[in-house]
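Residue numbers (our numbering), protein chains in the order written: chain G, 1062 to 1124; chain E, 1395 to 1653. In this text, a Cβ means the ideal position worked out from N, Cα and C, and glycines have one as well. Quick caveat, the model's predicted, so the values are computed rather than measured.
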Amino acid sequence: MQPAPNTEALDEHLRVVIQALHGAVSRAMPHVKDDPKTADQAIADCKEILDEVIEGKVSEWLK
Amino acid sequence: MNIVVCAKVIPASSVIIELDPAAKTMVRKGVPHELDPAAASAVEEALRLTEKHGGTVTVLTMGLADAVIGIRSALAMGAHSAIHVQDDAVAGSDTLATAKVLAAAIKKESCDLVLCAAESSDSYSGIVPGQLAYLLGIPALTFAKEISIDGKKVSIKRQSETGYDVCEAELPVLIAVASGINEPRYPQLKGIMAAKKKEIKKYTAAELGLGPDQVGAAGAKEKVLSIGRPPARAAGKVVTDEGEGGKQIADFLAELKVI
């Protein structure tokens, strides 16, 4: 099966997105108790990224 | 102030590293990569310095096409541009060849400060920063756990076993940051989208004036004699506290000569 022409770019985008989510979670976890503001901000940032992914406008991601 | 951050892109932490017994190297091709967390700290420090003093941050890496993912992460964090030395000829480079490549790329830029991790999280040699500073003809301030800049004067707190030493130098200078110097920011959606439009300059070794005898496995002066996995970790000792737990832990630590 031939890969779609945008497979590589899409793959790269999604990997950066997942690494960003991983980074946000890793940043938030140690601060859940001592610095809830940092944790809340990370959760909000994760939500923003996930909303964008769920919206699924692939062409926008690859611009 | 223009800062170049030498940032290594390494196999992702989720990858179980395979070793190539013939080449005596870790297998890097065909596995997912990410920006080395140690390099992310150097990028973070550079961003903080430019936020305070102005200037630009350029991320420099040497590696396969897979390295782009790490470059994009650094650009998404806020770095302004990137340089990628992507050339099959540099595969298998030892630390000195790596330093030569990085130095040649840095010399093409207008740069006041070079930042890098004290050591990478995959090979932990810790040699490249010193070699790089030598090749650039600038001072090296290493194991920095805090950096301050006042005009041309750069001051760091150099992590030591007992605390820290204060070291000073004048720009231009290379600073190798200690792990834990900061908590790197994570890329945000805006940063991820903006990173796509940022410039990544590409060079080959030849374009940097380096011949095949100076880089890659052919140019390597270091020879790895053997390579292997560390021994499996032994099972831990479980102490059940039935009123004597504290004493048992103290006895165990005393046995190890920790206390």
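Identify, in the order they occur along the chain, each residue of the same chain with its Cβ nearer than 8 Å to the Cβ of residue i, setting aside the five sequence neighbours on each side.
i	result
Ala1473(E)	Val1399, Val1437, Ala1440, Leu1441, Val1451, Thr1452, Val1453 and Lys1592
Ala1461(E)	Val1403, His1427, Thr1455, His1478 and Gln1480
Lys1359(E)	Residue 1359(E) lies beyond the stretch modelled for chain E, which goes from 1395 to 1653, so this question has no answer here.
Gly1630(E)	none
His1447(E)	Met1395 and Ile1543
Leu1123(G)	Asn1067, Ala1070, Leu1071 and His1074
Leu1602(E)	Val1479, Val1495, Ala1498, Ala1499 and Lys1502
Can you tell me whether DSSP reads residue i as helix, strand or coil?
i	result
Arg1579(E)	coil
Val1479(E)	strand
Pro1415(E)	coil
Asp1101(G)	helix
Lys1551(E)	strand
Ile1543(E)	strand
Lys1494(E)	helix
Tyr1518(E)	coil
Val1560(E)	strand
Lys1595(E)	strand
Cys1510(E)	strand
Leu1619(E)	coil
Thr1068(G)	helix
His1474(E)	coil
Glu1428(E)	strand
Ala1629(E)	coil
Val1567(E)	strand
Pro1405(E)	strand
Ala1572(E)	coil
Cys1505(E)	coil
Thr1634(E)	coil
Val1399(E)	strand
Val1078(G)	helix
Val1453(E)	strand
Ala1534(E)	strand
Met1587(E)	helix
Met1062(G)	coil
Alpha carbons only, please: which of the options is nearest the one belonging to residue i?
i	options	result
Ala1612(E)	Pro1415(E), Ala1483(E) and Leu1469(E)	Ala1483(E)
Pro1431(E)	Leu1530(E), Met1471(E) and Ser1475(E)	Met1471(E)
Val1633(E)	Ile1643(E), Val1425(E), Ser1475(E) and Arg1627(E)	Ile1643(E)
Leu1604(E)	Ala1497(E), Pro1566(E) and Lys1551(E)	Ala1497(E)
Ile1397(E)	Cys1510(E), Gly1622(E) and Leu1429(E)	Cys1510(E)
Ile1575(E)	Thr1598(E), Lys1551(E), Pro1625(E) and Lys1501(E)	Lys1551(E)
Ala1600(E)	Glu1562(E), Val1495(E) and Cys1561(E)	Val1495(E)
Gln1102(G)	Ala1065(G), Pro1064(G), Met1062(G) and Val1086(G)	Val1086(G)
Val1421(E)	Ile1653(E), Phe1646(E), Gly1622(E) and Asp1645(E)	Gly1622(E)
Lys1546(E)	Ala1499(E), Glu1562(E) and Glu1540(E)	Glu1562(E)
Asp1106(G)	Val1571(E), Leu1583(E), Pro1624(E) and Pro1523(E)	Leu1583(E)
Ala1493(E)	Pro1523(E), Ile1653(E) and Ser1549(E)	Pro1523(E)
Gly1486(E)	Gln1608(E), Gly1639(E), Phe1646(E) and Glu1636(E)	Gln1608(E)
Ser1504(E)	Gly1449(E), Ser1549(E) and Tyr1580(E)	Gly1449(E)
Ile1465(E)	Gly1585(E), Asp1559(E) and Ser1549(E)	Gly1585(E)
Thr1429(E)	Ala1406(E), Glu1445(E), Thr1444(E) and Leu1443(E)	A quick correction: the sequence has Leu, not Thr, at residue 1429(E). Among Ala1406(E), Glu1445(E), Thr1444(E) and Leu1443(E), the Cα nearest to that of Leu1429(E) is on Ala1406(E).
Skipping 5 residues on each side, what residues in its chain have a beta carbon closer than 6 Å to that of residue i?
i	result
Ala1434(E)	Pro1578
Asp1516(E)	Ile1404
Asp1506(E)	Met1395, Asn1396, Leu1565 and Pro1566
Pro1097(G)	none
Is it buried or exposed, residue i, if we count other Cβ atoms within 10 angstroms and call 16 or more buried?
i	result
Glu1513(E)	buried
Leu1384(E)	Because chain E is modelled from 1395 through 1653, residue 1384(E) falls outside the range shown and cannot be assessed.
Ile1115(G)	exposed
Ile1411(E)	exposed
Gly1084(G)	buried
Leu1650(E)	exposed
Ala1628(E)	exposed
Phe1372(E)	This structure cannot settle anything about residue 1372(E), because the visible part of chain E is limited to 1395 through 1653.
Tyr1597(E)	buried
Leu1619(E)	exposed
Gly1117(G)	exposed
Gly1610(E)	buried
Is the beta carbon of residue i within less than 8 Å of some heavy atom of the ligand MN?
i	result
Arg1579(E)	Ligands displayed in this structure: none; no statement on the ligand MN is therefore possible.
If you drop the 5 nearest sequence neighbours on each side, which residues of the same chain put their C-beta closer than 7 Å to that of residue i?
i	result
Ile1110(G)	Val1078, Ala1081 and Leu1082
Gly1520(E)	Ala1512 and Glu1513
Asp1488(E)	Ala1614, Lys1615 and Glu1616
Original post:
Are the stretch 1412 to 1420 of chain E and the stretch 1540 to 1559 of chain E touching, with three or more C-beta to C-beta distances below 8 Å?
Top reply: no
Subject >> Given 8 Å, three or more beta-carbon pairs between the stretch 1070 to 1079 of chain G and the stretch 1581 to 1595 of chain E >> reply: yes
Original post:
Does the pairing of the stretch 1082 to 1090 of chain G with the stretch 1529 to 1539 of chain E give three or more beta-carbon distances under 8 Å?
Top reply: At 8 Å Cβ cutoff, the stretches do not touch.
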